[in-house]
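Those protein sequence lines, which keep their order, are chains A and B. Its first residue numbered 9, the first sequence is counted upward by one per residue in my numbering. Its first residue numbered 9, the second sequence is counted upward by one per residue in my numbering. Every residue gets a Cβ at the ideal spot worked out from N, C-alpha and C, and that includes glycine. Working notes, beginning with the structure itself.
There are 2 protein chains.
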Amino acid sequence: MNNTTLKKISEILGLSISTISRALKDHPDISDKTKQRVVELATTLDYEPNANAINLRTSHSKLFGLIVPSISNWFYNAFIAAVEVESRRNGYSLMILQSGDDPLIEITNLKLCRQNRITGLFVCISPETTNIEPFLKLKELDIPVIFFDKVPDAGNCNKVCVADSLSATMAATAIVNKKKKKVLGIFGNTNLLMTKKRLEAFTETINEKVNKIQLTIDHATSSEEAEKVMASHLNKKPDTVFCMSDEILIGVMKVIQQKKLKVPEDIAVITISNGAAPKLYYPEITYVETSGHKLGMLAFSSMMACLAGSTFIQELTIESILVEGGSL
Amino acid sequence: MNNTTLKKISEILGLSISTISRALKDHPDISDKTKQRVVELATTLDYEPNANAINLRTSHSKLFGLIVPSISNWFYNAFIAAVEVESRRNGYSLMILQSGDDPLIEITNLKLCRQNRITGLFVCISPETTNIEPFLKLKELDIPVIFFDKVPDAGNCNKVCVADSLSATMAATAIVNKKKKKVLGIFGNTNLLMTKKRLEAFTETINEKVNKIQLTIDHATSSEEAEKVMASHLNKKPDTVFCMSDEILIGVMKVIQQKKLKVPEDIAVITISNGAAPKLYYPEITYVETSGHKLGMLAFSSMMACLAGSTFIQELTIESILVEGGSL
DNA sequence: AAATTTGCTGCAAACGTTTGCGATATTGTT
DNA sequence: AACAATATCGCAAACGTTTGCAGCAAATTT
Chain A
9 MNNTTLKKIS EILGLSISTI SRALKDHPDI SDKTKQRVVE LATTLDYEPN
59 ANAINLRTSH SKLFGLIVPS ISNWFYNAFI AAVEVESRRN GYSLMILQSG
109 DDPLIEITNL KLCRQNRITG LFVCISPETT NIEPFLKLKE LDIPVIFFDK
159 VPDAGNCNKV CVADSLSATM AATAIVNKKK KKVLGIFGNT NLLMTKKRLE
209 AFTETINEKV NKIQLTIDHA TSSEEAEKVM ASHLNKKPDT VFCMSDEILI
259 GVMKVIQQKK LKVPEDIAVI TISNGAAPKL YYPEITYVET SGHKLGMLAF
309 SSMMACLAGS TFIQELTIES ILVEGGSL
Chain B
9 MNNTTLKKIS EILGLSISTI SRALKDHPDI SDKTKQRVVE LATTLDYEPN
59 ANAINLRTSH SKLFGLIVPS ISNWFYNAFI AAVEVESRRN GYSLMILQSG
109 DDPLIEITNL KLCRQNRITG LFVCISPETT NIEPFLKLKE LDIPVIFFDK
159 VPDAGNCNKV CVADSLSATM AATAIVNKKK KKVLGIFGNT NLLMTKKRLE
209 AFTETINEKV NKIQLTIDHA TSSEEAEKVM ASHLNKKPDT VFCMSDEILI
259 GVMKVIQQKK LKVPEDIAVI TISNGAAPKL YYPEITYVET SGHKLGMLAF
309 SSMMACLAGS TFIQELTIES ILVEGGSL
């Protein structure tokens with residue numbers, strides 16, 4: 009156990025602990041000569057400040073918490089990657105916890121965050137989470153909470169989201185512009201606010217066209233289900249299929265491959281995605297980008313704003329862009 | 009700032025701090041009546057023990073570090089997910105850091121881990137990392153280090169890996185059994201030990217057949233490159249393509265889709281994978297499974313063994329299985 | 001020469017716990 | 001009734017820092 013402490017250095021050098029502490033952080037009170045001696049010995053002894061002691065003394069931990077349903081997901085992945093990089097760049101560490109969409113584990117994770125005295129929390133709640141009191145309680149302790157992606161309905165909290173309505177509208181507009189006539193839209197879990205918003209905006213945009221478009225809506229909560237749903241609608245010969253998410257896209261594309269349908273001649277495809285899945289196919293799938301990376305950056309800057317003292321509650325969204333593949 | 013401490017509780021109850029501390033952890037010295045009073049007040053005051061103070065006092069942090077090139081990767085994802093769940097289940101937290109394959113960031117991350125006085129480290133080094141001294145130094149401090157996936161050559165450290173040679177052999181054997189004649193094998197970065205092992209085992213198995221199989225080998229370090237490589241070899245009409253990894257598979261499959269080749273009639277496909285990518289296609293791709301999840305579980309149990317006092321240095325591998333899709 | 005400033009360093013308390021040991025009161029034993 | 005054994009609790013030190021304040025010598029000003 010090599011652990012070097014300020015005390016050990018001070019004893020060797022015949023100086024006081026406080027002098028060592030100050031020398032190491034370039035305090036003006038300490039002479040250059042002393043600083044040099046201290047720094048030198050500290051490096052040869054591999055001194056590493058004890059974060060626990062610092063946190064305890066200063067009562068701020070330079071640690072962010074992040075709670076997410078699952079890290080095995082393209083979108084959350086990009087989000088986490090962005091937050092992780094920015095955190096490190098700003099001198100913070102990140103504690104990542106998975107809830108597995110289980111409200112109980114969510115609470116356990118939250119407790120862990122509190123015990124570690126995090127300075128801020130990023131959280132994406134599970135669909136089953138109804139009581140967000142425990143999260144709001146953090147705010148009372150002056151610990152900023154940034155909800156992302158799946159956010160609660162309540163108004164008194166900071167949220168960053170993708171522009172659900174807008175991105176669905178953009179996809180619908182793209183379909184309209186291509187003069188498609190028979191559209192199949194497959195959406196996700198109807199309990200999710202995200203699904204409701206996307207569904208509403210999508211149907212509205214499609215239906216407001218003068219030359220009526222024939223629109224069929226169905227739902228799937230997994231790629232396997234999407235596969236079945238897609239297969240069941242093929243006899244109606246849709247000329248376009250819209251997928252609300254990567255999961256659905258993957259199911260849909262399996263059917264398309266299976267039936268050897270040509271994209272976009274036999275059937276056009278458009279989706280909303282973070283960008284990875286559409287690039288798996290040929291032709292690449294046209295998609296409305298909802299970037300996990302951008303959302304992560306936004307969440308982080310929102311966090312920093314809170315820490316800088318902004319008490320302004322805001323609900324932010326990232327803009328979407330249409331990325332053209334060859335599938336529409 | 010609501011923060012309840014043992015001291016606050018002790019003052020309210022007119023007891024000493026140590027009594028509160030002991031009562032809260034069900035110490036036999038404390039009477040049931042007192043315990044009850046303490047626990048009651050603690051819960052109503054939302055008492056959360058300060059992890060920093062505990063770590064400082066006990067000098068063990070219940071915190072694992074995990075350093076990985078990137079979390080945006082199916083395999084590492086599954087690995088991390090497994091370790092994260094197991095950690096929480098055993099009362100540990102996990103600090104996840106990305107190195108971006110940059111040895112400098114790797115060192116920064118390592119320093120962060122040391123400063124946070126982690127109890128153990130899981131690390132997958134970047135291909136450019138030559139000096140593993142800093143990692144081994146942790147071991148001298150009695151902090152177990154488990155190298156996973158991309159591990160150093162040095163012998164004096166704990167490693168958990170996928171069975172590179174075996175999985176490549178299994179894939180090759182599957183190809184041989186199907187009596188394929190013209191095989192294209194696409195492999196990754198030649199600097200990686202993983203690539204060398206897989207390449208060697210694969211070619212050996214293919215070549216030891218009596219009825220000679222015509223084998224072509226090429227390399228690609230990204231899916232884009234794999235796409236080009238695959239396209240450049242099509243004129244030789246291989247009947248089978250073997251992909252060393254998901255990245256390569258994705259590039260290969262794009263070409264196959266583009267050229268409208270039928271799988272497996274026109275060309276058979278087999279890959280080594282964690283399992284997610286092969287399921288994206290129809291027919292699903294036959295693959296030799298190298299499970300990130302299993303590796304994570306193995307790494308974790310190896311870590312727990314080290315913490316339990318095992319000084320036995322071991323180099324473990326997980327077994328692979330062949331998962332049949334319809335592509336071979 | 002006395003008074004003031006400046007430059008450098010040390011003292012000691014505090015952050016919130018844990019824990020060995022000693023103190024007191026209660027009970028049981030001879 | 002004296003003594004031993006138990007049950008219950010408090011004291012105080014320690015973990016490794018940070019930081020306000022005080023101390024003291026040397027340099028500078030009156």
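Return the bridge partner residues of residue 105(B) from the DSSP annotation. The secondary-structure analysis by DSSP pairs residue 105(B) across a beta bridge with 75(B).
Sequence-distant residues of the same chain with beta carbon closer than 8 Å to residue 191(B), five excluded per side: In chain order, 183, 214, 221, 222, 223, 224, 246, 247, 248, 249 and 250 place their CB closer than 8 Å to the CB of residue 191(B), counting only its own chain and leaving out the 5 sequence neighbours on each side.
Same chain only: Cβ atoms within 8 Å of residue 253(B), ignoring 5 sequence neighbours per side: Excluding sequence neighbours, residue 253(B) sits near 196, 279, 280 and 281.
From which residue to which residue does the alpha helix (DSSP H) around residue 127(B) run? Per DSSP, residue 127(B) belongs to no alpha helix (DSSP H) and is neither H nor E.
Would you kindly check if the distance between the Cβ of residue 155(A) and the Cβ of residue 165(A) is under 9 Å? With a cutoff of 9 Å on beta-carbon distance, residue 165(A) and residue 155(A) are scored as near each other.
Give the residues of chain A in contact with residue 86(B), contact being defined as C-beta atoms less than 9 Å apart. Per Cβ cutoff of 9 Å: 80.
Three-state secondary structure (DSSP) at residue 174(A)? Looking at residue 174(A) - three-state DSSP - the assignment turns out to be helix.
Where do the ends of the beta strand (DSSP E) carrying residue 322(A) lie? Here residue 322(A) belongs to no beta strand (DSSP E), and DSSP marks it neither H nor E.
Evaluate residue 228(B) with the Cβ neighbour count: other Cβ atoms within 10 Å of its Cβ, from every protein chain shown; 16 or more gives buried, anything less gives exposed. Residue 228(B) is buried by the Cβ-count criterion.
Measuring only the C-alpha atoms, how far is residue 102(A) from residue 79(A)? Residue 102(A) and residue 79(A): Cα-Cα distance of roughly 14 Å.
Let me know the alpha helix (DSSP H) ranges lying completely inside the region 193-252 of chain A, each 4 residues or longer, listed in chain order. Fully enclosed alpha helix (DSSP H) runs of 4 or longer: 201-215 and 231-241.
Is the shortest distance between the beta-carbon of residue 180(B) and the beta-carbons of chain A less than 9 Å? Answer no: the Cβ-Cβ gap between residue 180(B) and chain A never drops below 9 Å.
Evaluate contact between the region 54-70 of chain B and the region 115-125 of chain A, counting only Cβ atoms and requiring at least three cross-stretch pairs below 8 Å. Cβ pair count under 8 Å is three or more, so yes.
What do you reckon, are the CB atoms on residue 130(A) and residue 74(A) nearer than 9 Å? Against a cut-off of 9 Å, the Cβ pair of residue 74(A) and residue 130(A) comes out as a contact.
Taking any Cβ of chain A, which residues in the region 87-100 of chain B have a Cβ under 8 Å from it, in chain order? Of all residues in the region 87-100 of chain B, only 88, 89, 92, 93 and 96 place a beta-carbon less than 8 Å from a beta-carbon of chain A.
Please classify residue 185(B): does DSSP put it in a helix, a strand, or coil? In the structure shown, residue 185(B) sits in a helix (DSSP, three-state: H, G or I).
Just mark residue 19(A) as buried or exposed, buried being the case when its beta carbon has 16 or more other beta carbons within 10 Å. Per the 10 Å Cβ criterion, exposed.
If residue 83(A) and residue 300(A) are in contact, beta carbons under 8 Å, what's the gap, nearest whole angstrom? Confirmed, about 4 Å.
Report yes or no: is there a C-beta of chain B within less than 9 Å of the C-beta of residue 38(A)? Not flagged as an interface residue toward chain B: residue 38(A), since no C-beta distance is shorter than 9 Å.
For a quick check, are the C-beta atoms of residue 104(A) and residue 104(B) less than 9 Å apart? Contact flag set, yes.
9 Å Cβ cutoff met for residue 335(A) and residue 271(A): Yes, these two residues count as a Cβ contact at 9 Å.
Within 9 Å of any Cβ in chain B, is that where the Cβ of residue 289(A) sits? Chain B has a Cβ within less than 9 Å of the Cβ of residue 289(A).
Distance CB(residue 46(A))-CB(residue 66(A)) smaller than 9 Å: Inclusion of residue 46(A) and residue 66(A) in the CB contact set at 9 Å is not warranted, their separation being larger than that value.
Cβ of residue 326(A) within 9 Å of Cβ of residue 159(A)? No. Outside cutoff.
For chain A, find out if any of its Cβ atoms is closer than 9 Å to the Cβ of residue 13(B); answer yes or no. It does not; no Cβ of chain A falls within 9 Å.
So the candidates are 99(A), 52(A), 174(A) and 53(A); which of them puts its Cα closest to the Cα of residue 211(A)? Distance check between residue 211(A) and each of 99(A), 52(A), 174(A) and 53(A) places 174(A) closest, using alpha-carbon atoms only.
Proximity below 9 Å, CB of residue 171(A) to CB of residue 207(A): No. Outside cutoff.
Measure the C-alpha to C-alpha separation of residue 139(A) and residue 118(B) and round it to an integer number of angstroms. Each residue's alpha carbon lies about 38 Å from the other.
Contacts around residue 291(B), its chain only, beta-carbon distance under 8 Å, and the 5 residues preceding and following it disregarded: Answer for residue 291(B): 271, 272, 333, 334 and 335, listed in chain order.
Across which residues does DSSP place residue 330(A) in a beta bridge pair? In the DSSP output, where bridge partners are listed per residue, residue 330(A) has 296(A).
Return the residue from the list 97(A), 132(A), 108(A) and 110(A) that minimises the CA-CA distance to residue 116(B). With distances taken between CA atoms, residue 116(B) lies nearest to 97(A) out of 97(A), 132(A), 108(A) and 110(A).
Quick check: what's the CA-CA separation for residue 294(A) versus residue 89(A)? The straight-line gap separating the alpha-carbon atoms of residue 294(A) and residue 89(A) is approximately 24 Å.
Measure the C-alpha to C-alpha separation of residue 314(B) and residue 145(B) and round it to an integer number of angstroms. Inter-residue distance for residue 314(B) and residue 145(B) is about 16 Å (C-alpha atoms, whole angstroms).
Taking the straight line between their C-alpha atoms, what separation do you get for residue 340(A) and residue 257(A)? Lying outside 9 to 336, the shown extent of chain A, residue 340(A) is not represented and no answer is given.
Give the interface partners of residue 262(B) over in chain A, defined as CB-CB distance under 8 Å, in chain order. Per Cβ cutoff of 8 Å: 288, 289 and 290.
Apart from the five residues just before and just after residue 310(A), which ones in its own chain have a Cβ nearer than 8 Å to its Cβ? Excluding positions up to five away in sequence, the list reads 154, 166, 168, 322 and 324.
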